[in-house]
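Residue numbers for the sequence shown, in numbering that gives the first Met the number 0: 0 to 257. Contents: one structure, followed by commentary.
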Amino acid sequence: MKIIILLSVFISLNACCNSKTMAVKETNLMTLNGTYHVKTLNNIDVSVNNMTINFNKEESVISGFSGCNRFTGTYSLENGLLKVGPLASTKMFCQERHQIESEMQQVLSKVNEILIEEDGILKLLSDKKIILMASKEQDNKLVSFNYSAMSRGRFLDINVNDSLVSISKDREAKPISKAINKETWKKLNSLLEAITLDSISTLKSPTEARFYDGASIGTLKISKNGAVYESSSFDHGTPPQEIEPLVKEILSLSENIE
């Protein structure tokens, strides 16, 4: 009787674990969107060829660069199974890359399963064998921040990107810069995700001391993927609530630069 009970418990726990694993896989697959940079084909490093795969989740379109030509087609994804339809391609001839391009197209035609790791690594499989690995292009590398505070007696200009934070307190002086670490950059982008960029130009300042020289005029600019989003002006030190955590974090970074 004890053996039967233990066996039942084991089966229940195993089913629970398998269910959790499947849930994690399905959650990761929901992130299949955007551009991936191909690292390996059939376990061979091909990163020097700068090949890419782009998944458009809304339209179920796959496209990319196969080393010489660009390709496009459709795909379907269900329960971890990926099916790529016939691909159309441009017709440029690159003799030195013909073989690698042909291999890329063959791999895409054979793929029947997909995995996405938590770190954004994409794995395409054929009959349980990994035939392509690629890494997700990180949007936050195309992000930068600028905060300025200006008045008759103050000049403050702070610029932050994924590698540096620089600050200038004098219009004529050269900015002082300092490297930014990954954790800090991750925190800035986490704060950015909570902001609706299209609306920051309409955010209302909670105070109006800048209109009678009681505060410097503060402005936040965010550049993302080639677009620039600029806030309306506000009193330096008291930004609108929606962008306050991000502004305070940028100001905190500048305080540590000497």
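Glycine included, each C-beta is placed from N, C-alpha and C at the ideal position. If you're wondering where the values come from, they're calculated on a predicted model, not measured in any experiment.
How is E171 classed by DSSP in three states: helix, strand or coil? coil
Quick one: is I249 buried, meaning 16 or more other Cβ sit within 10 Å of its Cβ, or exposed? I249 sits buried, since 16 or more C-beta atoms from the chains shown fall within 10 Å of its C-beta.
Give the straight-line distance between the Cα atoms of K127 and L190, rounded to the nearest whole angstrom. 39 Å
N224 to R151, Cα distance in whole Å? Using only the alpha carbons, I get a separation of about 34 Å.
Buried versus exposed call for M91 [16 or more other C-beta atoms within 10 Å across all chains shown]: exposed
Assigned exposure category for E100 - 16 Cβ within 10 Å defines buried: buried
Exposed or buried, R209, counting other C-beta atoms within 10 Å across all chains shown (16 or more means buried)? buried
Can you give me the Cβ contacts of A172 inside the same chain, cut-off strictly under 6 Å, excluding the 5 residues immediately before and after it? none
If you draw a straight line from the alpha carbon of E25 to that of G79, how long is it in whole angstroms? Confidence in E25 is poor, its pLDDT being 43 and thus under 50, which makes the residue's placement unreliable; the coordinate value appears in the next sentence. C-alpha separation (whole angstroms): 7 Å.
Taking three-plus beta-carbon pairs below 8 Å as touching, is the region 161-170 in contact with the region 232-244? no
Contacting residues, own chain, Cβ-Cβ under 7 Å from P174 (five flanking each side not counted): S165, I166, S167
Of the listed residues R69, V37, L31, nearest to E58 (C-alpha basis): The candidate whose alpha carbon is nearest that of E58 is L31.
Quick test of your reading: V246 and L219, contact by CB under 8 Å. State the CB separation rounded to the nearest angstrom. The Cβ separation is near 6 Å, so the contact holds.
Quick check: does the Cβ of D197 come within less than 7 Å of any heavy atom belonging to the ligand ZN? With respect to the ligand ZN, the structure offers nothing, as it holds no ligand at all.
Among D197, V106, S125, A214, which residue has its Cα nearest to the Cα of E112? S125
Can you give me the start and stop residues for the alpha helix (DSSP H) that H97 sits inside? 97-109
Just mark N158 as buried or exposed, buried being the case when its beta carbon has 16 or more other beta carbons within 10 Å. With a threshold of 16 other beta carbon atoms within 10 Å, N158 meets it and is buried.
Out of A178, E243, E192, which one is the CA nearest neighbour of G217? Selected option, being the one with the closest Cα: E243.
Pull up the CB-CB distance for G72 and V83, whole angstroms please, since I reckon it's below 8 Å. 6 Å
Go ahead and pull the three-state DSSP assignment for R209. helix
Can you tell which of K186, L252, G119, E207 has the C-alpha that lies nearest to the C-alpha of A178? L252
For I269, count neighbouring C-beta atoms within 10 Å of its own C-beta (all shown protein chains included) and say buried if the count is 16 or more, exposed if not. The first residue shown for the chain is 0 and the last is 257, placing residue 269 beyond what the model contains.
Beta-bridge pairing of L81 - partner residues as DSSP gives them: L76
Inter-residue Cα distance where the pair is L107 and K185: 33 Å
Quick one: give me the first and last residue of the alpha helix (DSSP H) that L86 is part of. That residue, L86, is in no alpha helix (DSSP H); it is neither H nor E in DSSP.
For K220, the first and last residue of its enclosing beta strand (DSSP E): 216-223
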